[in-house]
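Mapping the sequence shown onto the working numbering, position 239 (from 1) lands on 239, and the numbers just tick up by one. Below: the structure, in structure tokens.
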Amino acid sequence: MSTVNPSFQEAIKVTPQGPNKYSAFLRPEWCIGTVPHGGYTTAVIYQLTLTHFAYAHPKQHKCAASPISIQLSFLRRTASGPATFEVEDVKIGARTSTIHVKLFQASEKKPGQLDIMVAGYVTVSPSEAEVGISANTGWKPHPAPVAGSRADGSVDLTALGRTGTDGAWRKLEAPFTAFRKAAAQIELFGPGDVETQQKRSENMLIDQWARFRPGGDVSGRWTEAAVAYLIDMFPMMLDGFDAMSATATAKERGTSLAEEKAKFWYPTVTLNVDIKKHLPAEGVEWLYSRIETKVVRDGRTDIEVTVLDEDGEVIAIAHKTKSILPVYVLQQVKRRGWGLMRWPQEDEPLGAKLADLHNLNGFDVATPFLENHNSRVTVKDAYAQWVSVRVALLSPPPPPGTEYESEWDALVAESTQSHRLRIMEESVRSWYSRLTYYL
1 MSTVNPSFQE
11 AIKVTPQGPN
21 KYSAFLRPEW
31 CIGTVPHGGY
41 TTAVIYQLTL
51 THFAYAHPKQ
61 HKCAASPISI
71 QLSFLRRTAS
81 GPATFEVEDV
91 KIGARTSTIH
101 VKLFQASEKK
111 PGQLDIMVAG
121 YVTVSPSEAE
131 VGISANTGWK
141 PHPAPVAGSR
151 ADGSVDLTAL
161 GRTGTDGAWR
171 KLEAPFTAFR
181 KAAAQIELFG
191 PGDVETQQKR
201 SENMLIDQWA
211 RFRPGGDVSG
221 RWTEAAVAYL
231 IDMFPMMLDG
241 FDAMSATATA
251 KERGTSLAEE
261 KAKFWYPTVT
271 LNVDIKKHLP
281 AEGVEWLYSR
291 IETKVVRDGR
301 TDIEVTVLDE
311 DGEVIAIAHK
321 TKSILPVYVL
331 QQVKRRGWGL
341 MRWPQEDEPL
351 GAKLADLHNL
361 NGFDVATPFL
371 ENHNSRVTVK
381 DAYAQWVSVR
391 VALLSPPPPP
401 GTEYESEWDA
411 LVAESTQSHR
421 LRIMEESVRS
431 WYSRLTYYL
């Protein structure tokens, strides 16, 4: 295993299982709720590519080939746990090679079968084959990033890392990191919040500097595999989408902004990554990202992420297609059946954390509840909150004959209409907006 980012290397580890077949375990600490973060999944596929060429084509090149282009389609939502990969060699060449990859997991609708969750193509090239013209195009981020404290306008990254501030730049605290575990693997710094940045640029544009902190490792460094994770980590941009979507919907319906805010989720449809510059094997401490959206139309948007190093050289460019969907679409999908909803088995121990009691349609709603109240709650209180949300969402009752059936009936009887409406307001709007950021 690499001595750089050992916990991350373990989290993206891929094991050969036979000709063109591989396995991995998508780790819960790299999830948003129970769903593996898209950038983390891309990093696993990056590692899959390295493993495949080392295992299936060890003599193809004098030195290891690495990805220069990745195109992925996220067909279905993945889950933490075992994953199986199939790799097809589409073209194996001296300069470039291309493989077709498929990520399989257990089907939600067809018990005992596997579904393709993610599919795409990866093109690789060995470093000895990367010869040809290089030229400076003069491109720089426009508008220019907010200046730091240095005389030339650059950010003093040493000061920023040590004190958390440098000029207008400051450390950003990601909310609900106990729930958004994947967001806890990074330190983000920006020149103000999303509203401040977008007013300054007059665009849907976000700037950020980032340090990698896998598993809390303060010696974490950005490697090429870790960049695959970084290109999908932009919480402030999604904050901007939330406000923009709510404003547009409120104007269309004649409702207030407060009524419409936090009613949207943003699933990734496609991801394309162009890797421009190799990083040193030991990695780098800091990388800068410019995140920009050009058009939002008919419930779909583009996101472009440009990653640069401290010298201002482009490391990677990523383009994403995301859907913008109202939360009720997600709710309607969930109401059709049990889906990912899981009642705890009767022999499972009941802990103080609601996450130990249940998953709400695959999401842990406990952590936001506990953090919002900043206090311990009893199992009964937590369970009552859960049932109230289930009532508000018109979810089906627990399976007959379980120990929860009587509790359900009693709590439903105690739950007044006003209480259900309050829970709908506080829980559905707030929780779902936060739980679906990275889907």
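No residue lacks a Cβ here, since even glycine has one placed at the ideal position from N, Cα and C.
Span of the alpha helix (DSSP H) around residue i
i: I45; result: 38-56
i: V314; result: Here V314 belongs to no alpha helix (DSSP H); instead the beta strand (DSSP E) covers 314-323.
i: Y229; result: 224-230
i: E173; result: Where E173 is concerned, there is no enclosing alpha helix (DSSP H), given that its DSSP letter is neither H nor E.
Proximity of residue i and residue j at Cβ, strictly below 8 Å
i: K322; j: I303; result: yes
i: W30; j: Y40; result: yes
i: L72; j: L271; result: yes
i: G33; j: D232; result: no
i: I324; j: V296; result: yes
Neighbourhood of residue i by C-beta distance below 7 Å, restricted to the same chain and skipping five residues each side
i: G192; result: A168
i: G153; result: A147
i: S7; result: P214, G215, D217
i: P82; result: S23, F25
i: C63; result: P126, S127, E128
Alpha-carbon spacing of residue i relative to residue j, whole angstroms
i: T268; j: G283; result: 28 Å
i: A183; j: A129; result: 36 Å
i: A79; j: P141; result: 36 Å
i: F13; j: A151; result: Residue identity check: residue 13 is Lys in the sequence provided, not Phe. Cα to Cα, K13 sits roughly 44 Å from A151.
i: Q208; j: E285; result: 14 Å
i: A228; j: D156; result: 25 Å
i: A43; j: G190; result: 24 Å
i: R290; j: G120; result: 25 Å
i: R76; j: V101; result: 15 Å
i: D311; j: T137; result: 15 Å
i: E173; j: K181; result: 13 Å
i: P58; j: V118; result: 26 Å
i: K320; j: M204; result: 15 Å
i: V122; j: Q60; result: 16 Å
i: T98; j: L48; result: 13 Å
i: R170; j: G299; result: 33 Å
i: S134; j: I68; result: 16 Å
i: T163; j: L230; result: 23 Å
i: V131; j: Q185; result: 35 Å
i: G161; j: E313; result: 21 Å
i: Y266; j: T301; result: 9 Å
i: P36; j: W139; result: 34 Å
i: S219; j: V124; result: 28 Å
Start and end residues, beta strand (DSSP E) containing residue i
i: E88; result: 81-91
i: S73; result: 65-74
i: E292; result: 287-293
i: A159; result: Run containing A159: none in the beta strand (DSSP E); it sits in the alpha helix (DSSP H), 157-163.
i: S7; result: Element bounds for S7: not the beta strand (DSSP E) but the alpha helix (DSSP H), 6-11.
i: D152; result: D152 -> no beta strand (DSSP E), and no H or E assigned at all.
i: W209; result: 204-212
i: T301; result: 300-308
i: K102; result: 97-106
i: Q60; result: Q60 -> no beta strand (DSSP E), and no H or E assigned at all.
i: M456; result: No answer is possible for residue 456: it lies beyond the span of the chain, which begins at 1 and ends at 439.
i: Q185; result: It is not in any beta strand (DSSP E) - Q185 carries neither H nor E in the DSSP assignment.
i: Y22; result: 21-26
Close beta carbons around residue i, own chain, < 6 Å, minus the five adjacent residues each side
i: P16; result: Y22, Y55
i: E187; result: R211, R213
i: A11; result: R27, W30
i: I70; result: V122, V273
i: P145; result: D207
i: K294; result: D302
i: V377; result: Annotation note: pLDDT 40 at V377 (below 50); position unreliable, no value reported.
is_contact[residue i, chain B] using C-beta, thresh 8 Å
i: G153; result: Absent from the structure: chain B. Only one protein chain is present.
Beta-carbon contacts of residue i that lie in its chain and below 8 Å, excluding the five residues immediately before and after
i: N20; result: H52, A56, E86, V87, E88, D89
i: L114; result: T84, F104, Q105, A106, S107
i: V4; result: R221, T223, A281, E282, G283
i: H278; result: S66, S127, E224
i: G18; result: none
i: W315; result: Checking the sequence, you will find Ile at residue 315 rather than Trp. These residues qualify, in order along the chain: V227, I275, K276, K277, L279, L287, V307, L308, D309.
i: I116; result: L75, R76, K102, L103, F104
i: A159; result: S149, T165, D166
i: F234; result: I206, Q208, S289, I291, I303, V305
Cβ contact check for the segment 91-98 and the segment 106-116: 3 or more pairs under 8 Å: no
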